[in-house]
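Undergrad: Residue numbering for the sequence shown follows the working numbering, starting at 449 and increasing by one per position.
Here a beta-carbon is modelled for each residue, glycine too, at the ideal position from N, C-alpha and C.
Just so you know, these numbers come straight off a predicted model, no measurement behind them.
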Amino acid sequence: MREPAALPDPNLYVMVLENIDRGVIAMDRKGVITLVNPAGEAFLGVSLRNCLGKHFHDLFAGQQTLLYMINIALEKGRTISDDEGVLLQRPRQKPLPIGIYAAPIFSRQEGQEGAVLIIRDLSRVQELEGSLRRADRLSMLGTLAAGLAHEIKNPLGGVKGAAQLLAKELPAESDLQEYTRVMVREVERINGIIEGLMDLGNPRPAEMGEVNLSKILGDIILLQQEAARGQNITFSLLVDPSIPPILGDEGMLTRLFLNLIKNARESLEHEGRITVESKVSSDFHLNSPGGRPSPIVIVKVSDNGTGIPAEELDRIFTPYFTTKVKGSGLGLAICQKIIEDHRGLLKISSSPGEGTEVTVSLPLR
Ligand SMILES: Nc1ncnc2c1ncn2[C@@H]1O[C@H](COP(=O)(O)OP(=O)(O)OP(=O)(O)O)[C@@H](O)[C@H]1O
Ligand SMILES: [Mg+2]
Numbered sequence: 449m450r451e452p453a454a455l456p457d458p459n460l461y462v463m464v465l466e467n468i469d470r471g472v473i474a475m476d477r478k479g480v481i482t483l484v485n486p487a488g489e490a491f492l493g494v495s496l497r498n499c500l501g502k503h504f505h506d507l508f509a510g511q512q513t514l515l516y517m518i519n520i521a522l523e524k525g526r527t528i529s530d531d532e533g534v535l536l537q538r539p540r541q542k543p544l545p546i547g548i549y550a551a552p553i554f555s556r557q558e559g560q561e562g563a564v565l566i567i568r569d570l571s572r573v574q575e576l577e578g579s580l581r582r583a584d585r586l587s588m589l590g591t592l593a594a595g596l597a598h599e600i601k602n603p604l605g606g607v608k609g610a611a612q613l614l615a616k617e618l619p620a621e622s623d624l625q626e627y628t629r630v631m632v633r634e635v636e637r638i639n640g641i642i643e644g645l646m647d648l649g650n651p652r653p654a655e656m657g658e659v660n661l662s663k664i665l666g667d668i669i670l671l672q673q674e675a676a677r678g679q680n681i682t683f684s685l686l687v688d689p690s691i692p693p694i695l696g697d698e699g700m701l702t703r704l705f706l707n708l709i710k711n712a713r714e715s716l717e718h719e720g721r722i723t724v725e726s727k728v729s730s731d732f733h734l735n736s737p738g739g740r741p742s743p744i745v746i747v748k749v750s751d752n753g754t755g756i757p758a759e760e761l762d763r764i765f766t767p768y769f770t771t772k773v774k775g776s777g778l779g780l781a782i783c784q785k786i787i788e789d790h791r792g793l794l795k796i797s798s799s800p801g802e803g804t805e806v807t808v809s810l811p812l813r
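(1) Using three-state DSSP, classify Asp667 as helix, strand or coil.
(2) Let's test the definition: count the other Cβ atoms within 10 Å of the Cβ of Asp697 and tell me whether it reaches 16, buried, or not, exposed.
(3) Using the beta-carbon count (16 or more within 10 Å), is Ala487 buried or exposed?
(4) Alpha carbon to alpha carbon, how far is Arg568 from Val659?
(5) Using DSSP with H/G/I as helix, E/B as strand and the rest coil, what is Gln784?
(6) For Met656, write down the residues that DSSP places opposite it in a beta bridge.
(7) How close, in whole Å, do the beta carbons of Leu708 and Ile681 come, if the pair is a contact with beta carbons under 8 Å?
(8) Inspect the CB distances between the segment 512 to 520 and the segment 489 to 503 and report whether three or more fall short of 8 Å.
(9) Should Pro458 be labelled buried (16 or more other beta-carbon atoms within 10 Å of its own) or exposed?
(10) Is it the case that the Cβ atoms of Ile548 and Leu514 are separated by a distance below 8 Å?
(11) Alpha carbons only, please: which of Leu570, Ser798, Ala712 and Leu701 is nearest the one belonging to Ala675?
(12) Compute the Euclidean distance between the alpha carbons of Ile722 and Arg813, then round it to the nearest angstrom.
(13) Using CA coordinates, which residue listed in Pro693, Asp688 and Glu643 is at the minimum distance from Gly779?
(14) According to DSSP, Gln560 sits in a beta bridge with which residue or residues?
(15) Short of 8 Å in beta carbon distance, which residues of its chain neighbour Ile764, apart from the five on each side in sequence? Order them along the chain.
(16) Check each candidate in Arg703, Gly533 and Leu794 and name the one with the smallest Cα separation from Val745.
(17) To the nearest angstrom, how far is the alpha carbon of Leu810 from that of Thr628?
(18) Ala550 to Gly510, Cα distance in whole Å?
(19) Less than 8 Å between the C-beta atoms of Pro545 and Gln574, yes or no?
(20) Straight-line CA distance for Leu393 to Glu532?
(21) Do Gly814 and Leu695 have their CB atoms nearer than 8 Å?
(22) What whole-angstrom Cβ distance do Ile566 and Val480 have, given they're in contact under 8 Å?
(23) What are the start and end residues of the alpha helix (DSSP H) that includes Leu706?
Shown next, in the form of C-alpha cells:
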C-alpha cells in the first residue's frame, strides 16, 4: 500500500480556509459546529463565537433543504449538492441565494468524523442571469417593433409635409395656423419616439474607441445642471482620477449615462441630490463567457428621489413602460442594450421614498 503523503504545514490549511470565497462549515459526528471560516461567517451573518458549539439544527432552524442535505452527509455518509434554488435565511439580512455542497468528513483512522458544508454565493450569478433574461426579452421586442416603426415613419413624413404645406397656404394671421404648428410638433414627437425604437431594434454597430469616462460624466452633469437651473438640486461628481480610458462607443456611453442621470433628475421634485461616482473595482472581474477576465469600472448614479416600488422594478426595463406624463419609456431599455453591447452589467436598487441607486459595471478593455 502507498504511504500517505506527508501533510503540508497546518498553517497552510488555515490560510487557504481563510482566503477562499466559499463558506466552509464543519461539524462533528453529533452535528455540533466545530469550524466556520471567515467567508462562512459572512454568509451566515452570524459571528464565529455564536456558531461554534451550536448544533446545526439550531443554526439552520427552519431551513428544510439545508437540514436535509446535512443529514444525508452526516447520517448516510453521502455527498450531496444543490446549485440552485436554495436561499440561506439570515438574521437581519436579505436571504442569500447559495449553492451548497455537503459531504461527510472521514479521518484516516476513525472513519466518519462529521460533515462539512461548503457554501457558494450565487447572487452575482443570478444578477447576470437576470440581466441576460432582460436582454433576451428586449431583443425580441426590439426586432418586432423596429419593423413596425419603419412602416410608420413613411406615412408620418407625409402628414408632416402636408401640415407644412397647409401652413403656407393659410393666411399668416389665420387662427388655424396654430393647428398646423401642433400637427408638426406632435408628428416630430412621434418621430422621436420611433427613432428611439428603431435604434433599439436595429442599432448601428458600436464603434469602439478609447473613451474618457470622467469627461463624459463631467459634460453630462454640466448640461443637466443647466437644465435644472432654478431648482434646488445638488449634483456631485466623484471620479476616480486613476481610471484609464475605457474601450467603448463614446456616443452610446454618453447616451447611457445621460439617460440614467436624467432619470435621477426626473425623480426629484425640484430639490434633492444626485451623486455620480466612478471607480475601478480592485477586487472583481467581469467574465464574459469564454472571454478573459478584465478589470472593471463601476459607475454609480444615485438620487434621493421618489424611488421605485418593488413591484415595478422588474418592469422598468420593458420598452414603453413609463410612469411619466412625457416619458417614452425607452430610456432604460436603450441603456440595457448599450450595456449589453459593452459586455457590462446594470443593477438597480431602490427604496421608495428614499431614492435609487443604479450601478453600471463596464469592462476596462
Ligand atoms: N432614478 C429613478 N428614480 C425613480 N424612478 C425611476 C428612476 N429611473 C427609472 N425610473 C422609473 O422607471 C421608468 C422607466 O424609465 P425609462 O428611463 O425607461 O423611461 P422614462 O424615463 O419614463 O422615459 P424616457 O427615458 O424615454 O424619457 C420611469 O418612468 C420611472 O418610473
Ligand atoms: Mg428615462
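TA: Taking the geometry as given:
(1) helix
(2) buried
(3) buried
(4) Straight-line Cα distance between these residues: approximately 36 Å.
(5) In the structure shown, Gln784 sits in a helix (DSSP, three-state: H, G or I).
(6) Per DSSP, none; premise fails for Met656.
(7) Incorrect: roughly 15 Å between the Cβ atoms, too far for contact.
(8) no
(9) exposed
(10) Yes, these two residues count as a Cβ contact at 8 Å.
(11) Ala712
(12) 28 Å
(13) Glu643
(14) Phe554
(15) Ile756, Leu780 and Ile796
(16) Minimum Cα distance to Val745 is reached at Leu794.
(17) 46 Å
(18) Whole-angstrom Cα-Cα distance: 18 Å.
(19) For Pro545 and Gln574, yes; Cβs fall inside 8 Å.
(20) For residue 393 there is no data in the structure shown, the boundaries of the chain being 449 and 813.
(21) With the chain covering 449 to 813 only, the question about residue 814 has no answer from this structure.
(22) Wrong, their Cβ atoms sit about 18 Å apart, outside the cutoff.
(23) Glu698 to Glu714
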